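Colleague: Under our numbering, the very last position in the sequence shown is 343; numbers go up by exactly one each time. Here a beta-carbon is modelled for each residue, glycine too, at the ideal position from N, C-alpha and C. Since the structure is predicted, the reported quantities are computational estimates derived from the model, not experimental observations.
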Amino acid sequence: MLTSMTRTVPDVIGQNVRQIRERRGLTLDDIARESREYGLRWNTGRVSRIERGDGAVTMETLLVLALVLSELTGESVTPAVLLDASEPIEIAPQATLRPGVVREVLEGRNAGLFVGDLVDGEKLIQEAVGRLQDRMGAYRNVMGPGFDTERVNEAQAAWSLADERAARKLGVANAEFLAWSVRLWGHTMSAEVEKRAEPGASPQKKGRITRVLLDELRQAVNRGDD
118 MLTSMTRTVP
128 DVIGQNVRQI
138 RERRGLTLDD
148 IARESREYGL
158 RWNTGRVSRI
168 ERGDGAVTME
178 TLLVLALVLS
188 ELTGESVTPA
198 VLLDASEPIE
208 IAPQATLRPG
218 VVREVLEGRN
228 AGLFVGDLVD
238 GEKLIQEAVG
248 RLQDRMGAYR
258 NVMGPGFDTE
268 RVNEAQAAWS
278 LADERAARKL
288 GVANAEFLAW
298 SVRLWGHTMS
308 AEVEKRAEPG
318 ASPQKKGRIT
328 RVLLDELRQA
338 VNRGDD
């Protein structure tokens with residue numbers, strides 16, 4: 118979430134463009150005219166909007182800005198320079214990068230972006246570990262400590278919106294629902310529906326099969342299949 122201490126990508130680029138321009142005594146028109154050398158139709162208004170951070174900045178625009186400023190200043194103005202910031206940069210509503218990370222990645226000083234590069238990276242990692250532990254606990258509770266991890270992984274990859282809706286209808290967590298599905302049928306419930314349905318079966322037919330499978334799973338959950 119954007120706060121007074123975070124910046125957006127367009128804002129960072131715009132401020133860096135303005136600082137470079139003003140430091141070298143360039144005008145908005147200088148940048149606009151130089152950009153037209155490359156077939157663009159920028160005017161001073163367009164450059165001003167970029168400097169204000171008004172609107173998204175495409176990769177093409179970022180590269181042109183780096184080229185134009187390098188030509189006008191005689192300096193090496195790279196995309197990394199234009200994306201450098203001393204404050205965190207928000208790249209998505211729930212993803213804010215630590216200061217300096219973008220430049221490190223673009224200059225090859227960081228192998229790539231990882232969760233740990235986010236402002237709340239450590240917290241997110243801990244939450245992810247907690248969710249993984251919860252899932253593993255659900256799998257062990259339903260299938261026993263020696264459950265088939267490969268089969269579970271295959272079921273996770275095949276998990277669909279239909280399975281999620283069925284789990285919600287049954288009132289159990291997704292992990293528990295998947296575990297029971299694998300225990301009963303060896304795969305997701307949605308895969309079992311397709312297996313039992315005839316080729317070209319109507320949605321109504323599949324709906325009836327789904328209800329039968331839900332009842333099978335509900336009974337298994339209630340008795341614990343001891």
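(1) Considering only their Cβ atoms, is the gap separating residue 125 from residue 88 smaller than 8 Å?
(2) Could you give the residue range of the alpha helix (DSSP H) that holds residue 182?
(3) Roughly how many angstroms lie between the CA atoms of residue 271 and residue 179, to the nearest whole one?
(4) Just to confirm, are residue 287 and residue 294 a CB contact at a threshold of 8 Å?
(5) Contact between the segment 131-151 and the segment 208-225 is defined here as three or more beta-carbon pairs at a separation below 8 Å; is this criterion met?
(6) If distances are taken between C-alpha atoms only, which option among 320, 298, 156 comes closest to residue 333?
(7) To the nearest angstrom, how far is it from the Cα of residue 226 to the Cα of residue 328?
(8) Just to confirm the assignment: which complete alpha helix (DSSP H) runs, minimum length 4, are found wholly within the segment 119-162?
(9) Does the beta-carbon distance from residue 296 to residue 253 come in below 8 Å?
(10) Under a three-way DSSP split, which group does residue 333 fall into?
(11) Considering Cα atoms alone, identify which of 262, 289, 304, 290 is closest to residue 268.
(12) Expressed to the nearest angstrom, what Euclidean distance is found between the alpha-carbon atoms of residue 172 and residue 316?
(13) Taking the C-alpha atoms as reference points, what is the distance between residue 224 and residue 203?
(14) Quick one, are the C-beta atoms of residue 129 and residue 200 less than 8 Å apart?
(15) On the three-state DSSP scale, how would you describe residue 305?
(16) For residue 352, which residues in the same chain have their Cβ closer than 6 Å to its Cβ, ignoring the five residues on either side in sequence?
Modeller: This is what the structure holds:
(1) Since the displayed the chain opens at 118 and closes at 343, residue 88 lies outside it and no answer follows.
(2) 176-190
(3) 41 Å
(4) yes
(5) no
(6) 298
(7) 55 Å
(8) 126-140, 145-153
(9) no
(10) helix
(11) 304
(12) 50 Å
(13) 16 Å
(14) yes
(15) coil
(16) The question about residue 352 has no answer here: the residues shown for the chain are numbered 118 through 343.
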